[in-house]
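Below is one structure, written out as structure tokens; the observations come after it.
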Amino acid sequence: RVAIHPHPGLGAEFALREPYDVHAFCAPPGSLLALYTDGLVEDPALSIDEGIDRLTEAVSSVHPWDALDQAARRVVSAVAPTRRRDDVTLLIARMIGYRKGDTATWRLPARGDAAARARTLVSELLRQWGTREHTRDSVLLVVDELVTNAVRFADGPITVRLIRTGHGLLCEVGDTGNGRPRLGPGGLLDDAGRGLHVVHGLTSRWGVRWTDTGKVVWASVER
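Written out as structure tokens, the structure is:
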């Protein structure tokens with residue numbers, strides 16, 4: 165079990181505050197992370213601890229090759245109370261690891277030439293990885309926009325990380341700011357907020373997570 169003080173539930177009005185609390189922990193590749201609502205473990209015939217133990221045992225029985233959507237249904241069927249008094253939600257995520265050669269990290273000063281420096285470093289690595297030209301161009305544009313935003317809106321050093329995954333490339337740019345990047349009402353022709361529209365158009369998904377020193381904006385580009 166991961167012992168943390170949970171953030172207010174998703175959808176609750178008082179859960180809208182940002183930045184969210186961040187908790188970091190280590191686990192071996194292939195580990196499963198189960199997030200659930202209390203309705204799944206609250207059974208009048210059992211204590212909360214007994215309900216959590218049943219859930220832990222059921223999740224532990226999921227095999228590494230099982231499809232997680234089907235596994236989640238089996239777990240809910242096995243442990244959910246017969247007479248439910250509350251909503252039941254279960255989210256299971258499989259944690260994966262990366263080989264040392266599949267990731268690289270650079271730390272850059274927040275200066276006007278940071279984006280150009282990041283493009284040079286990332287471009288060299290993508291060529292070493294044998295990345296296709298179209299994908300390489302998309303990644304370089306994404307990195308350029310994210311680093312430019314970091315220099316513009318945050319102080320302190322910038323961290324750029326590139327991860328090669330099974331289906332694509334994950335770009336991460338960390339800075340010391342705590343403001344959430346948001347897509348504005350304008351588009352590619354507007355100077356303000358244009359960078360995020362570029363990122364949104366070139367990636368399969370993107371988002372932000374908070375850290376102890378600021379935030380990380382990440383974006384996934386399919387290969």
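Quick note on the working numbering: the sequence shown kicks off at 165 and runs consecutively. Backbone N, C-alpha and C define an ideal beta-carbon position, used for all residues, glycine too. The model shown is predicted, which means the values in this text are computed figures rather than measured ones.
- For S287, the enclosing alpha helix (DSSP H) has its first and last residue at A278 to W293.
- By the CB criterion at 9 Å, P245 and D207 fall inside the cutoff.
- Unbroken beta strand (DSSP E) runs of no fewer than 3 residues, entirely contained in the stretch 311 to 380, are found at 322 to 328, 332 to 339 and 369 to 374, following chain order.
- In the DSSP assignment, I216 falls outside any beta strand (DSSP E) and lies within the alpha helix (DSSP H) extending over I212 to S224.
- Residues of the same chain with a CB within less than 7 Å of the CB of G341, apart from the 5 flanking positions on each side, are F317, A318, G378 and K379 in chain order.
- Around L232, the same chain offers I256 and R258 as residues with beta carbons nearer than 7 Å, after the five sequence neighbours per side are excluded.
- In the structure shown, A383 falls within a strand segment according to DSSP collapsed to helix, strand and coil.
- By the criterion of a C-beta distance shorter than 6 Å, A222 is surrounded in its chain by V239, A242 and V243, once the five residues flanking it on both sides are discounted.
- When DSSP reads this structure, A257 sits in a beta bridge with L197.
- A236: member of the alpha helix (DSSP H) spanning L232 to V243, first to last residue.
- Sequence-distant partners of L219 (beyond 5 residues in either direction) whose C-beta falls short of 6 Å from its own C-beta, in its chain, are V205 and V243.
- Straight-line measurement puts the Cα of D251 at about 33 Å from the Cα of G261.
- DSSP places A268 inside the beta strand (DSSP E), whose first and last residues are T267 to L272.
- Taking the C-beta atoms as reference points, L326 is found no nearer than 9 Å to A279.
- The DSSP-derived three-state label of R296 is coil.
- Inter-residue distance for I168 and F189 is about 11 Å (C-alpha atoms, whole angstroms).
- With 16 or more other CB atoms across the displayed protein chains lying within 10 angstroms of its CB, L334 is buried.
- Of L254, R263 and T375, the smallest CA-CA separation from P192 is found for R263.
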